[in-house]
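> Have a look at this one.
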Amino acid sequence: MSTADSDTWGGSRAAIQYHYDLSNDFYALWLDETRTYSCALWHGPEDPADLATAQRRKIDYHIRESGAVGQRRVLDIGCGWGATLRRLTGDHGVVEAVGLTLSDAQADFIEAQQSRGVGVRRESWATHQPAQPYDAIISVGAFEHFAKPTESVPERIAVYRGFFERATSWLNPAGGLSLQTIAYGTMRPEEANAFMKSQIFPDAELPRLSDIVAAAEGVMEIVAVRNDRMDYSRTCALWLERLRAKRAAALKMVGSETVQRYEQYLKLATVGFRMGKLNLLRLSLRPVVRGWRGAIASNAV
Amino acid sequence: MKASQMSAVSAGDDRFTKEGISAWVTNYLAGVLQVEPSSISPTAELESLGLNSALVVSMLGDLEDWLGVEISPAVVFEYPTIDAMSGFLEQARAA
Numbered sequence: 089m090s091t092a093d094s095d096t097w098g099g100s101r102a103a104i105q106y107h108y109d110l111s112n113d114f115y116a117l118w119l120d121e122t123r124t125y126s127c128a129l130w131h132g133p134e135d136p137a138d139l140a141t142a143q144r145r146k147i148d149y150h151i152r153e154s155g156a157v158g159q160r161r162v163l164d165i166g167c168g169w170g171a172t173l174r175r176l177t178g179d180h181g182v183v184e185a186v187g188l189t190l191s192d193a194q195a196d197f198i199e200a201q202q203s204r205g206v207g208v209r210r211e212s213w214a215t216h217q218p219a220q221p222y223d224a225i226i227s228v229g230a231f232e233h234f235a236k237p238t239e240s241v242p243e244r245i246a247v248y249r250g251f252f253e254r255a256t257s258w259l260n261p262a263g264g265l266s267l268q269t270i271a272y273g274t275m276r277p278e279e280a281n282a283f284m285k286s287q288i289f290p291d292a293e294l295p296r297l298s299d300i301v302a303a304a305e306g307v308m309e310i311v312a313v314r315n316d317r318m319d320y321s322r323t324c325a326l327w328l329e330r331l332r333a334k335r336a337a338a339l340k341m342v343g344s345e346t347v348q349r350y351e352q353y354l355k356l357a358t359v360g361f362r363m364g365k366l367n368l369l370r371l372s373l374r375p376v377v378r379g380w381r382g383a384i385a386s387n388a389v
Numbered sequence: 008m009k010a011s012q013m014s015a016v017s018a019g020d021d022r023f024t025k026e027g028i029s030a031w032v033t034n035y036l037a038g039v040l041q042v043e044p045s046s047i048s049p050t051a052e053l054e055s056l057g058l059n060s061a062l063v064v065s066m067l068g069d070l071e072d073w074l075g076v077e078i079s080p081a082v083v084f085e086y087p088t089i090d091a092m093s094g095f096l097e098q099a100r101a102a
C-alpha cells in the first residue's frame, strides 16, 4: 500500500477532520457531559434515563461485550473525545486504554486531559501496528467511515474484512471485539440523502448488515447482533433539542450556515432511524479459530 | 417563538387552529405528492402516504416557519395522522 493510499484506505483522514475537527466547543454544547458522539442505549421507549446515563450505559455495554473489564490493554478504534478510554481505566480496572483517531481536535482534547493509563494515537486502524497485543477491542461509530462511496460492494467488503483480520491479529486468545455502526436499513445506498453524503459525512459509505456478515465470515464469529435504531432516533432528537437550546452560543462558535446544516442533519437522522431507513447495529465478535491466532499475530505485530 | 412572529399573529386568527393546521398540512402534502387534497384523509396514517425522511423534514421545516414554533421531528411518529399532529401543534403553539 502506498503512503497516499494509507491515508484514505479504511478511512480518509481529510474526511474525518472535515466533520470532527469542526470545533470541540461546538460539539461540547450539544453532546452530553461525557462528550459521547454516538448512539446511546435505552431499555425501550419508556426508559426515563437521561442522555448522559444512556451514554454511560452504552459505553459499559461495549466494555462488557468486548470482555474488557479488568483487562490489561484495551484498544478503542475511533475513540472520539475519549469517553470510553476514561471509563475503561477509571471504572473498569483496565491498566492501559489506547485510542485511535484521525481527528487532531479529538486527540488534542484527550492528551490535554492527561488521564492515567489513557493514550491516544493519530492513526487509522489500517496502519496501526501495536507493540503488544490487546485483551479487547471496542469500535463505536468509526466503521461508517471505513468504506467509500466510490468503492464497489466487493471492495467495501474487502475493507471490512481487512479490519476484522487486523483486529483478530491484535487480540489475545480470550479477547473480543464490540462494534457499533450505523447500517443501511430499508434505504438503498443509491437513495441515500445527497446532503448527508456531501455536506455532513463526505467520502463515507455505510455498510449493510450482510456486508459485515460476509466480511467477518471465516475471520471472526458473530456472537450477538442488536439493532437499536430507535435509540439512535432518540439520541439524535435529544442532540437537536440541546443544539437548539444553545443556538445563540452555537452561532457565535461556528456561524449560522453550520448550525443550520447540523440541525438539518440531526432532523434527517432522527426521522431516518425512526422510519427504519437506517439501522444501528451493535455486534459482539470474537476470532473464529483460536489456534490460528498466534501465528497471525506473530506475523502482523 | 420570536416576538416578530408573535406580533404577526392576531388574536382569534383561525389559521392556527387544529382545522387550519390540518388544512395546511393536507395542501402541502397534496402539492408534494401531486394529488387532490380531498384524496388525503386526515385520519389516515402519514406512513401510508409513502413519505420519505427528506420530505418529512422539509414539511416540518416549513411548518415551523409558518407556525413560528420549533417542532421535534419525533412529532410525526408520536402523532402519526394529520388530525393528531394538527391537534398537537395547535396546543404546542398556544403553550
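From first to last, the protein sequence lines are chains A and B. In terms of the numbering used here, the first sequence is numbered consecutively and its last residue is 389. In terms of the numbering used here, the second sequence is numbered consecutively and its last residue is 102. Glycine included, each C-beta is placed from N, C-alpha and C at the ideal position. Every value quoted in this text rests on a predicted model; they were computed, and no experiment measured them.
1. Of all the alpha helix (DSSP H) runs that stay within the bounds of the stretch 110-139 of chain A, which reach a length of 4 or more residues?
2. How would you list, in chain order, the residues of chain B whose beta-carbon sits under 8 angstroms from the beta-carbon of A/Lys355?
3. Alpha carbons only, please: which of A/Val228, A/Ser372, A/Leu366 and A/Leu356 is nearest the one belonging to B/Leu67?
4. So, for B/Ile28: in the same chain, excluding its five sequence neighbours on each side, which residues have a beta-carbon less than 7 angstroms away from its beta-carbon?
5. Excluding sequence positions up to five away, which residues of its chain have a Cβ less than 7 angstroms from the Cβ of A/Ala224?
6. Hey, is the stretch 119-126 of chain A in contact with the stretch 203-213 of chain A, meaning 3+ C-beta pairs nearer than 8 angstroms?
7. Check whether chain A comes within 8 angstroms of B/Ser46, counting only Cβ atoms and requiring the distance to be less than that.
8. Exposed or buried, which one is A/Asn281 when buried takes at least 16 other CB atoms within 10 Å?
9. Relative to chain B, which residues along the stretch 113-127 of chain A have a C-beta separation below 8 angstroms, given in chain order?
10. Going along the chain, which residues of its own chain have a beta-carbon closer than 6 angstroms to the beta-carbon of A/Asn367, five neighbours each way excluded?
11. So the candidates are B/Pro44, B/Glu85, B/Ile78 and B/Leu74; which of them puts its Cα closest to the Cα of B/Ala23?
12. If we cut at 8 angstroms on Cβ distances, does B/Ser135 have a partner in chain A?
13. Between A/Ala230, A/Gly181, A/Asp179 and A/Val182, which has its C-alpha nearest A/Leu190's C-alpha?
14. Chain B partners of A/Val359, CB-CB under 7 angstroms?
15. Relative to the alpha-carbon of A/Asn112, which residue among A/Ala255, A/Gln287, A/Gly187 and A/Ala195 has its alpha-carbon at the smallest distance?
16. Are A/Ala137 and A/Trp130 close, meaning C-beta to C-beta below 8 angstroms?
17. Just to confirm, is the Cβ distance from A/Leu188 to A/His216 under 8 angstroms?
18. How long is the line joining the alpha carbons of A/Phe234 and A/Ala337, rounded to whole angstroms?
19. Indicate the three-state DSSP secondary structure (helix, strand or coil) for A/Leu371 in the structure shown.
20. Looking at A/Val307: is its Cβ nearer than 8 angstroms to the Cβ of A/Val376?
21. Measure the C-alpha to C-alpha separation of A/Leu173 and A/Val186 and round it to an integer number of angstroms.
22. Based on the DSSP output, what are the partners of A/Asp164 in its beta bridges?
23. Which of the three DSSP states is assigned to A/Leu294 in this structure?
Let's see:
1. Within the stretch 110-139 of chain A, the runs of alpha helix (DSSP H) at least 4 residues long that lie entirely inside it are, in chain order, 112-118.
2. For A/Lys355, the C-beta contacts it makes with chain B under 8 angstroms involve Val64, Leu67, Gly68 and Pro80, in order along the chain.
3. With distances taken between Cα atoms, B/Leu67 lies closest to A/Leu356.
4. Same-chain partners within the cutoff: Ser93, Leu96 and Glu97.
5. Result list for A/Ala224: Ser154, Gly155, Ala156, Gln159, Val162, Gly263 and Gly264, in chain order.
6. No: fewer than three Cβ pairs fall under 8 angstroms.
7. Taking 8 angstroms as the threshold, the shortest C-beta distance from B/Ser46 to chain A does not fall below it.
8. Buried.
9. So the list is empty, because no residue satisfies the distance condition.
10. Excluding positions up to five away in sequence, the list reads Ala271, Gly273, Asn315 and Arg317.
11. The amino acid occupying residue 23 of chain B in the given sequence is Phe; Ala does not appear at that position. For B/Phe23, the nearest C-alpha among the options comes from B/Leu74.
12. What is shown of chain B runs 8 to 102, which leaves residue 135 of chain B out entirely.
13. Ranking A/Ala230, A/Gly181, A/Asp179 and A/Val182 by Cα distance to A/Leu190 puts A/Ala230 first.
14. When 7 angstroms is used as the limit between beta carbons, A/Val359 is near these residues of chain B: Ser60, Val63, Val64 and Pro80, in chain order.
15. That would be A/Ala195, whose Cα lies nearest to the Cα of A/Asn112.
16. When the beta-carbon positions are compared, A/Ala137 and A/Trp130 come within less than 8 angstroms of each other.
17. Yes, Cβ-Cβ distance for A/Leu188 and A/His216 is below 8 angstroms.
18. In this model, A/Phe234 and A/Ala337 are separated by some 33 angstroms (Cα to Cα).
19. DSSP places A/Leu371 in strand when its eight states are reduced to three.
20. Contact: yes.
21. One C-alpha to the other measures close to 7 angstroms.
22. In DSSP, A/Asp164 forms a bridge with A/Gly187 and A/Ile226.
23. DSSP places A/Leu294 in the coil class of the three-state scheme, outside both helix and strand.
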